[in-house]
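Colleague:
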Amino acid sequence: MGNLIFLERAILESLSSGAKSTKEISQDLNFSLPMVKGILFNMAKKNMVKFMGEKYALNREIVTHCIDEWNHPDSLSWEAREILDGIVENSPMNFPSNSFLKLRKMYFSDRDLTIFKSQLTNLEKFLESLPAKPGMCEKTCDKTIFFWGMTNYNTVLRSILIR
Numbered sequence: 001m002g003n004l005i006f007l008e009r010a011i012l013e014s015l016s017s018g019a020k021s022t023k024e025i026s027q028d029l030n031f032s033l034p035m036v037k038g039i040l041f042n043m044a045k046k047n048m049v050k051f052m053g054e055k056y057a058l059n060r061e062i063v064t065h066c067i068d069e070w071n072h073p074d075s076l077s078w079e080a081r082e083i084l085d086g087i088v089e090n091s092p093m094n095f096p097s098n099s100f101l102k103l104r105k106m107y108f109s110d111r112d113l114t115i116f117k118s119q120l121t122n123l124e125k126f127l128e129s130l131p132a133k134p135g136m137c138e139k140t141c142d143k144t145i146f147f148w149g150m151t152n153y154n155t156v157l158r159s160i161l162i163r
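Counting from 1, one number per residue, gives the positions in the sequence shown under my numbering.
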């Protein structure tokens, strides 16, 4: 079935809590109604969603069949690129006050790296303790996307040269 675009993933997340009308999806994701209808139309053509009367629902058979493909490292890499592109495209001046992107290039001594990994372990434990599912009144669009990572400068340089 191929890679999902991030907007399709968002609709799948919205529908994971149950069938919804286009208006409910629009409100849940803070997307315009025409956008939701267009994405749902394409998803219905791929049999990812079913229209049931007034509401759309996940086609669980297809979703279950495709979940491994959608969660393949290449697909997740594509999703990460879309998210990062969405963040980088906006200047920090346009971010809401609770959004930010920080990038720092630094040298780690062995001791610094050990301390950093310890702090990162604590952060990961904290993040894992947070609820994965929203409460009844929480919207999908209110979810926070948190990411972190690090790599060697040389790895990035080589990756860019290969493109």
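No residue lacks a Cβ here, since even glycine has one placed at the ideal position from N, Cα and C.
Please report the distance separating the alpha-carbon of phenylalanine 51 from that of methionine 43.
Modeller: The alpha-carbon atoms of phenylalanine 51 and methionine 43 are separated by roughly 11 Å.
Colleague: Do we get a CB-CB distance below 8 Å when we pair lysine 117 with the residues of chain E?
Modeller: Absence of chain E from the displayed structure is noted, only one protein chain being present.
Colleague: Could you pull out every residue in the same chain whose Cβ sits closer than 7 Å to the Cβ of arginine 60, ignoring the five residues on either side in sequence?
Modeller: No residues qualify anywhere along the chain.
Colleague: What residue ranges within the stretch 75-162 form continuous alpha helix (DSSP H) runs of no fewer than 4 residues, ordered along the chain?
Modeller: If we require 4 residues or more, the alpha helix (DSSP H) runs fully inside the stretch 75-162 come out as 110-129, 153-162.
Colleague: If you follow the alpha helix (DSSP H) that phenylalanine 41 is in, where does it begin and where does it stop?
Modeller: Per DSSP, phenylalanine 41 belongs to the alpha helix (DSSP H) from 33-45.
Colleague: Compute the Euclidean distance between the alpha carbons of threonine 151 and phenylalanine 116, then round it to the nearest angstrom.
Modeller: If I take the Cα positions, the gap works out to 13 Å.
Colleague: Given a threshold of 16 other Cβ atoms within 10 Å of its Cβ, counted over all protein chains shown, does methionine 106 qualify as buried or as exposed?
Modeller: It counts as exposed.
Colleague: Using the Cα positions of tryptophan 78 and isoleucine 5, report the straight-line distance between them to the nearest angstrom.
Modeller: Taking the straight line joining both Cα atoms gives about 8 Å.
Colleague: Can you have a look at tyrosine 56 and say buried or exposed, based on whether 16 or more other CB atoms are within 10 angstroms of its CB?
Modeller: Buried.
Colleague: What does the Cβ neighbour count give for serine 14, buried or exposed, with the cut at 16 atoms within 10 Å?
Modeller: So serine 14 ends up on the buried side.
Colleague: Taking 8 Å as the threshold (C-beta atoms), are leucine 33 and lysine 23 in contact?
Modeller: Closer than 8 Å, so yes.
Colleague: Taking C-beta to C-beta, are asparagine 47 and isoleucine 62 nearer than 8 Å?
Modeller: Their beta carbons are under 8 Å apart, which means asparagine 47 touches isoleucine 62 by this criterion.
Colleague: Among Arg163, Ser75, Ile39, which one has its Cα closest to the Cα of leucine 7?
Modeller: For the residues Arg163, Ser75, Ile39, the minimum Cα distance to leucine 7 belongs to Ile39.
Colleague: Between the C-alpha atoms of leucine 103 and asparagine 154, what's the straight-line distance to the nearest angstrom?
Modeller: Answer to the nearest angstrom: the Cα atoms are 16 Å apart.
Colleague: Under three-state DSSP, which class holds leucine 29?
Modeller: In the structure shown, leucine 29 sits in a helix (DSSP, three-state: H, G or I).
Colleague: Does isoleucine 162 pass the burial test, meaning 16 or more other C-beta atoms within 10 Å, or should it be called exposed?
Modeller: Isoleucine 162 should be labelled exposed.
Colleague: Going by other Cβ atoms of all chains shown within 10 Å of its Cβ, with 16 needed for buried, is aspartate 74 buried or exposed?
Modeller: Aspartate 74 is exposed by the Cβ-count criterion.
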